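Per UniProt numbering, the sequence shown starts with residue 1, numbered consecutively.
Using N, Cα and C, we set each Cβ at its ideal position, and we do this for glycine too.
The structure presented is a predicted model; accordingly, all values stated were derived computationally and were not measured.
Following: one structure in C-alpha cells, then a few remarks.
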Amino acid sequence: MCFSATASFAASALLVPSGIYCIKTALAKDPEYLPLAFTPLAFGIQQALEGVVWLGINSNNFHDIDIGSLGFLFFSHWFWLFWMPFLVWASERNQKIKHVCLMFAILGFVYGALLYLPLIANSNWLEIDASSCSIAYRTKLIFDFPMYREVASIIYALIVAVPLLIASNQNINTFGAFILLSMLFSQVIFYYAFISVWCFFAALLSIYIVYILEREVKPVSGNMLGMEQEQ
Numbered sequence: 001m002c003f004s005a006t007a008s009f010a011a012s013a014l015l016v017p018s019g020i021y022c023i024k025t026a027l028a029k030d031p032e033y034l035p036l037a038f039t040p041l042a043f044g045i046q047q048a049l050e051g052v053v054w055l056g057i058n059s060n061n062f063h064d065i066d067i068g069s070l071g072f073l074f075f076s077h078w079f080w081l082f083w084m085p086f087l088v089w090a091s092e093r094n095q096k097i098k099h100v101c102l103m104f105a106i107l108g109f110v111y112g113a114l115l116y117l118p119l120i121a122n123s124n125w126l127e128i129d130a131s132s133c134s135i136a137y138r139t140k141l142i143f144d145f146p147m148y149r150e151v152a153s154i155i156y157a158l159i160v161a162v163p164l165l166i167a168s169n170q171n172i173n174t175f176g177a178f179i180l181l182s183m184l185f186s187q188v189i190f191y192y193a194f195i196s197v198w199c200f201f202a203a204l205l206s207i208y209i210v211y212i213l214e215r216e217v218k219p220v221s222g223n224m225l226g227m228e229q230e231q
C-alpha cells in the first residue's frame, strides 16, 4: 500500500465535511456528543497537515516539512491522548466510568505534553524519512532512557483505547475496538511508519462516528423542541 499527498488530502476532503456534519448533528440532537462529533474534523485537519509534509518532501521544502510534521505530531503525540478520554467523559452517563475517563484525560494531557513539547524545544529530536511509500516520523522521547520505546507505546495505546472500550455506549466501544485493531495492524504490517499509517487508518475509521450520531444518538428533550421549530 502506497501513501501520498493525494491520499492524505483525499482523506482530509472526506473527513472535514463529515466532521462539520457531525458537529451540526450533535448540536441538533445532544451537545454532550460534540467532542465525539469534532473527532472526524480533527482527523481531517491532521491528514491535511500530513499532505503538507508530503508536498514538502516531494519539493524538498524544509519549511513545509517542519510546519506540517509538527502540526501532524501535535495530534498524534498530544491531542489524541487527552481527546479520546475526554470525548467519552463528555457523553458518559455512568458516573464511575465518567470519573475514570476524566483521570485518563488528565493523564493523557500530561503524558502527551511530555511527548510533544520537547520536539518543539529540540529541533534535532525529529527526523522525517519517506520510506516504502510512507512517512516515518523518527522522534527522540524523554522516556527513551528510563524505559523502552515499546513500553511508552503500550502506555499510549492504553490511554487512547481504554476509555473508548469501557464507555457505556456500545457504538463507542465498537469505535474503540476498531481503533485498537488499527493500532495492532499498523504496528505489525507498517512498523517502519507506524505513526503515519495508524493515524491514516484511524482517520478513516472516524467516519463511523457519522453513523453513531445519525442513527444511535437520540435527541434530548430540549433539543427536540429546537429541531421541530427549525422544521
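_Whole angstroms are fine: how far does the CA of Ser153 sit from the CA of Gln187?_
10 Å
*Taking three-plus beta-carbon pairs below 8 Å as touching, is the stretch 151–169 in contact with the stretch 94–105?*
Contact between the stretch 151–169 and the stretch 94–105 is present, with at least three C-beta pairs closer than 8 Å.
_If I measure Cβ to Cβ from Glu216 and keep anything under 7 Å in the same chain, skipping five residues before and after, which residues do I get?_
Hits under 7 Å: Asn171.
*asked:* For the beta strand (DSSP E) containing Ser168, name the first residue and the last one.
replied: Premise fails: Ser168 is in no beta strand (DSSP E) and is neither H nor E.
*Provide the residue span of the beta strand (DSSP E) that contains Ala130, from first to last.*
For Ala130, the enclosing beta strand (DSSP E) starts and ends at Leu126 to Ser131.
_Three-state class that DSSP yields for Pro4 in the structure shown_ = As written in the sequence, residue 4 is Ser, which differs from the Pro given in the question. Reduced to three states, the DSSP call for Ser4 is coil.
*Secondary structure at Ser182, three-state DSSP: helix, strand or coil?*
Three-state result, Ser182: helix.
*Which term fits Phe39, buried or exposed, when burial requires 16 or more other beta carbons within 10 angstroms of its beta carbon?*
The amino acid occupying residue 39 in the given sequence is Thr; Phe does not appear at that position. Buried, since its Cβ has 16 or more Cβ neighbours within 10 Å.
*Give the straight-line distance between the Cα atoms of Lys29 and Pro219, rounded to the nearest whole angstrom.*
4 Å
*Residue range of the alpha helix (DSSP H) that Tyr208 falls in?*
Tyr208 to Tyr211
_Alpha carbon of Phe190 to alpha carbon of Ser131, nearest angstrom_ = 11 Å
_Leu225 (DSSP reduced to helix, strand or coil)_ = For Leu225, the predicted model reports a pLDDT of 42, less than 50, meaning its position is unreliable and no value from the coordinates is stated.
*asked:* So Phe82 and Gly112 are supposed to be a Cβ contact under 8 Å. How far apart are they, rounded?
replied: 6 Å
*Ser182 to Ser4, Cα distance in whole Å?*
The straight-line gap from Cα to Cα measures roughly 19 Å.
*Which value, in whole angstroms, describes the spacing of the CA atoms of Ser123 and Val53?*
Cα to Cα, Ser123 sits roughly 16 Å from Val53.
*Rounded to a whole number of angstroms, what is the C-alpha to C-alpha distance between Glu150 and Val16?*
32 Å
*Going straight from the alpha carbon of His63 to that of Ile20, what length do you get?*
29 Å
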